[in-house]
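Structure, as structure tokens:
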Amino acid sequence: MKLPNVFAGLENLSTGVLVLDGDDRILHLNPAAETLLGVSGALFAGQRAGEAFERSPELSTALRTVRDTGETVIEHELDVAVGGHPPIRLGCSVSPMEVPPGGLVVELRAVDPHLRIARLEQARLQQEANRELLRNLAHEIKNPLGGIRGAAQLLERELPRESLREYTQVIIKEADRLQSLMERLLTPHRMPRFGAVNIHEVLERVRSLVLAETPGVRLRRDYDVSLPEISADAEQLIQAVLNIARNAVQAITGNGHGEGEIVFRTRVARQITLESRRYRLGLRVEIIDNGPGIPEDIREQIFYPLVSGREGGSGLGLAMAQTLVVQNHGSLECESRPGHTVFAMFLPLPG
Ligand SMILES: Nc1ncnc2c1ncn2[C@@H]1O[C@H](COP(=O)(O)OP(=O)(O)OP(=O)(O)O)[C@@H](O)[C@H]1O
Ligand SMILES: [Mg+2]
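Below is the structure:
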């Protein structure tokens, strides 16, 4: 494509740059943007941004915001998916331009891995603090509960009329319900027992448990069978994956149109950082579903205890899954948009 002179200087930049005209058509993208997005400029240019970024809702929103406000928008991390490619995480800024009139310039950068790690580490510390607070609180609530229940039982014996038992029973039942919630908040306290674990045996166990609970659910396997064994606590990993898979089942069966599918995927992961330690090799285990996605208002908090978007949910499943994975020196992350939710568990491989 013949470039207007104003864009010629963009060719050597290491930042990806996209220029949109006043009609939201992609006028130009520089070689760095082609590389980042994995697309050819010749095919991409001329398309409408709305179509080209159909699968990148965050970027589309940023473009709209700049159009509406006339001010620059900077996003440190957003997922961009174009063509048939899976989404990639990019830093981005969108600014209005005077030439061409009504134009926009979009700058794209690969996310700085150090920044990302620092943020993950900060989130982990914050969560640890929250959990500690919650554990202490659970302890404090648990003790008087025993007293309340005991007193209600004594009172029940002394009641002059049988019909009043209805009230003492409410006290006893509610005390029991709280007691069991507190106990679940206080687990898991067992330390992991490490042994050689075949991750596919873990996944197959979860698969049969899920199928037993919800017969007929579509659960596809996409395994890399060449993966070596890891050192972990198999029971704990089963519990963690089961909690994630149960959520996925609930997500795909909730929408009712029967097209729901869950995928268990395993891959090798290279150069991963877990708990600030760098590993040359690890496992990446993904539990993917095509349900409606995690409700936006709780997306950032799903690993916190007691956060639930589900009627009757206790909000402990993912908090527990994450604790278990971290105890096994791994990490658990999540990415979700409508139709595509991925829980990715990373576990280190020795060597
Ligand atoms: N795959 C998923 N798709 C959509 N939403 C999800 C998915 N996984 C989790 N969520 C959301 O995250 C919330 C928290 O999940 P979590 O497992 O921690 O608690 P819960 O399922 O509500 O209760 P429980 O303690 O019984 O597991 C869920 O209530 C749901 O709203
Ligand atoms: Mg759950």
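Each residue of the sequence shown is one higher than the last, beginning at 127 in my numbering.
All residues carry an ideal CB built from backbone N, CA and C; glycine is no exception.
Of all alpha-carbon atoms in 387, 353, 329, 363, the one lying nearest the alpha-carbon of residue 343 is that of 387.
If you look at residue 293, you'll find it in the alpha helix (DSSP H) that goes 291-312. Within the same chain, 443, 444, 446, 447 come within 8 Å of residue 369 by CB-CB distance, once the 5 residues on both sides are set aside. CA-to-CA, the gap between residue 155 and residue 393 works out to about 33 Å. Straight-line measurement puts the Cα of residue 214 at about 17 Å from the Cα of residue 140.
With a threshold of 7 Å, the Cβ atom of residue 386 does not count as near ligand 1, since no heavy atom of the ligand is closer than that. Note that the stretch 323-342 does not touch the stretch 423-430; fewer than 3 beta-carbon pairs, one per stretch, sit closer than 8 Å. Residue 392 carries a strand assignment under DSSP once its states are collapsed to helix, strand and coil. With fewer than 16 other Cβ atoms inside 10 Å of its own Cβ, residue 196 counts as exposed. Spanning the alpha carbons of residue 216 and residue 362 requires a straight line of approximately 34 Å.
Note on residue 269: under 16 other CB atoms within 10 angstroms of its CB, so exposed under the neighbour-count rule.
In this structure, residue 230 sits near residue 192, with a CB-CB distance shorter than 8 Å.
Taking C-beta atoms as the reference points, residue 305 and residue 271 count as a pair closer than 8 Å. For residue 190 and residue 418, the gap between their C-alpha atoms comes out near 24 Å.
For residue 439, the CB falls within less than 7 Å of some heavy atom of ligand 2. Listed as beta-bridge partners of residue 409 by DSSP are 394, 473.
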